[in-house]
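Written below as structure tokens is the structure these notes are about.
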Amino acid sequence: MTDVSLTTPPETGETRRKLFYPHGRWHPEPGDLFEIAAGVFWLRMPMPFSLDHINLWILDGGAEGWTLVDTSIPASSCKDVWRPVLKRLQAEKPVTRLVSTHYHPDHLGLAGWLCKKTGASFAMTQTEYLMARMLLSDQRDEPPEQAVRFNEKAGYPLEKLEEMRREGWGRFARAIYPLPDEYLRLKEGDVLTIGARDWEIVVGSGHTPEHACLLDRKGKVLIAGDQVLPRITSNISLHPTEPMANPLGDWLDSIEKLRALPDDLLILPAHGFPFKGLHERLDQLEHDHRHKLGLLRRFLSDPRKATDTFEILFGRPIGDSEFGMATGEALAHLRWLEAEGLAMRQVEDGTADLWRAV
Ligand SMILES: [Zn+2]
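Per full-length UniProt numbering: the sequence shown = residues 1 to 358.
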């Protein structure tokens, strides 16, 4: 691109916790595009949460136009960053395709808006697209009784259950601009040729059911979404819709699967800084979960509610806004132990399940 404003990244990279960050802690300013690899532009989008940004990727498809990967949320502050960026891109050629790695609002929230503004086609894996469509259409004044019971069994205090009833059901719809009504299905192993690069779809699971990563094997780049993050760990949660799922099992299987990818890829994560050291990071992520599972199992020598395990799993007080996510994450770890035959639960009507080690 000819007219991008660039701040210059540091000349030398930096190694932290055995991962190599080619540009250290540098990142482009909001609205600036930085060509991190030939034809791959990095747009860092600020977000008004404790997770204060998301990394979006813009791929140069040559004569075919631009492909956007992920979107950010439908906040006016995000649209304000997008507008001049789109103008700059479209001054050169059209934006023809948008890919969302998974259904979470920071990745999908503006898909409908961006497609409407640009005429781009929209691509996603099937489970993620259908999940989003399902969540969008499932809005109710009252939460399903089964979901309330799910949280009661996890150990929610009475006032949190009442709060849940007051809030109603369908928060997802408020975090998403109406979705594109049609999509192009991405499948494991599909190849998207975009300009000089061939991007292979590699699917991971556990954070969401069918999360797409984009792998350019020849060019040694992986657009990793939330499947491999350098510093924070992705949320792995059990949800009321499928209480007997084993998302942590899926996540650990995905780590194993990703180990088959080359170690010398430049990893472009959705949050944090681009890095090299895929295998090391996969080891760290697996170690972190297995360490927590070990601590948790010891903690279950006495019977505990899921919400009692926060101190073991997170080692810090859990605030009100994180309570739901922390519960989902605690249950995911407990369910893994149960599925492996290492823990069991005592179920009693009208009160919380008690988990203990076997
Ligand atoms: Zn996510």
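Where is the CB? At the ideal position from N, CA and C, for every residue including glycine.
Because the structure is a prediction, the values reported are computed rather than measured.
Check: Using 8 Å for Cβ pairs, my map puts residue 232 next to residue 207. What's the rounded Cβ distance?; Outcome: Between residue 207 and residue 232 the Cβ distance is about 12 Å, and since that is not below 8 Å, they are no contact.
Check: Does the count of Cβ pairs from the stretch 130 to 148 and the stretch 196 to 207 closer than 8 Å reach three?; Outcome: no
Check: I'd like to check one pair, residue 96 with residue 66: are the Cβ atoms closer than 8 Å?; Outcome: yes
Check: Check whether the Cβ of residue 52 sits closer than 7 Å to any heavy atom of ligand 1, and report yes or no.; Outcome: no
Check: Assign residue 128 to buried or exposed, taking buried as 16 or more other Cβ atoms, counted over all protein chains shown, within 10 Å of its Cβ.; Outcome: buried
Check: DSSP beta-bridge partners for residue 346?; Outcome: 354
Check: In whole angstroms, give me the CA-to-CA distance for residue 77 and residue 99.; Outcome: 21 Å
Check: Given a threshold of 16 other Cβ atoms within 10 Å of its Cβ, counted over all protein chains shown, does residue 210 qualify as buried or as exposed?; Outcome: buried
Check: Count the other C-beta atoms from every protein chain shown that fall within 10 angstroms of the C-beta of residue 319, then say buried if there are 16 or more, exposed otherwise.; Outcome: exposed
Check: Is residue 125 near ligand 1, going by C-beta to nearest heavy atom under 7 Å?; Outcome: no
Check: Report yes if the C-beta distance between residue 360 and residue 54 is below 8 Å; otherwise report no.; Outcome: Past the boundaries of the shown model lies residue 360; the chain is included only from 1 to 358, so the question cannot be answered.
Check: Helix, strand or coil, according to DSSP, for residue 273 in the structure here?; Outcome: coil
Check: Just reading off the alpha helix (DSSP H) that residue 186 is part of, what are its end residues?; Outcome: No alpha helix (DSSP H) holds residue 186; the beta strand (DSSP E) holding it covers 184 to 186.
Check: Using 8 Å as the cut-off, can you tell me whether the stretch 30 to 48 makes contact with the stretch 155 to 174, which would need three or more C-beta pairs spanning the two stretches below that distance?; Outcome: no
Check: Could you check how far apart the C-beta atoms of residue 274 and residue 103 are, in whole angstroms? I think they sit under 8 Å.; Outcome: At roughly 24 Å, the Cβ-Cβ gap does not stay under 8 Å, so residue 274 and residue 103 are not in contact.
Check: So, under 8 Å CB-CB, residue 238 and residue 297 are touching, yes? Tell me the CB distance rounded to an integer number of Å.; Outcome: About 17 Å separates the two Cβ atoms, so there is no contact after all.
Check: Would you say residue 328 and residue 270 are within 8 Å of each other, going by their C-beta atoms?; Outcome: no
Check: DSSP on residue 68, reduced to helix/strand/coil?; Outcome: strand
Check: Buried or exposed: which applies to residue 358, given that a residue is buried once 16 or more other Cβ atoms fall within 10 Å of its Cβ?; Outcome: exposed
Check: Excluding the five sequence neighbours on either side, which residues of its own chain have a C-beta within less than 8 Å of the C-beta of residue 3, listed in chain order?; Outcome: Caution is warranted here: a pLDDT of 49 is assigned to residue 3, below 50, making its placement in the model unreliable, and the coordinate value is therefore given only provisionally. 88, 91.
Check: Does the Cβ of residue 226 lie closer than 7 Å to at least one heavy atom of ligand 2?; Outcome: Inclusion of ligand 2 in the displayed structure is not the case, the ligand content consisting of ligand 1 alone.
Check: Around the Cβ of residue 12, are there at least 16 other Cβ atoms within 10 angstroms (buried) or fewer (exposed)?; Outcome: exposed
Check: Helix, strand or coil for residue 2 per DSSP?; Outcome: Residue placement at residue 2 is flagged as unreliable, the pLDDT there being 46, under the threshold of 50; the coordinate-derived value follows with that caveat. The answer is coil: DSSP assigns residue 2 none of H, G, I, E or B.
Check: In this structure, how does DSSP classify residue 251 when only helix, strand and coil are distinguished?; Outcome: helix
Check: With distances taken between CB atoms, is the gap from residue 125 to residue 51 smaller than 8 Å?; Outcome: no
Check: Using only the alpha-carbon positions, how far apart do residue 48 and residue 74 sit?; Outcome: 11 Å
Check: Where do the N-terminal and C-terminal ends of the beta strand (DSSP E) with residue 286 fall, by residue?; Outcome: Run containing residue 286: none in the beta strand (DSSP E); it sits in the alpha helix (DSSP H), 278 to 299.
Check: Looking at the structure shown, is residue 47 part of a helix, part of a strand, or coil, going by DSSP?; Outcome: coil
Check: Hey, does residue 156 have any beta-carbon neighbour from chain B nearer than 8 Å?; Outcome: The structure shown contains no chain B; it holds only a single protein chain.
Check: What whole-angstrom Cβ distance do residue 228 and residue 248 have, given they're in contact under 8 Å?; Outcome: Not confirmed; about 16 Å, so no contact.
Check: Under a three-way DSSP split, which group does residue 76 fall into?; Outcome: helix
Check: Give a yes or no on whether the C-beta atoms belonging to residue 46 and residue 24 are separated by under 8 Å.; Outcome: no
Check: Got a sec, what are the start and stop residues for the beta strand (DSSP E) residue 204 sits in?; Outcome: 197 to 204
Check: Quick check: is any heavy atom of ligand 1 less than 7 Å from the C-beta of residue 233?; Outcome: no
Check: Would you mind reading off the limits of the beta strand (DSSP E) that contains residue 121?; Outcome: 121 to 125
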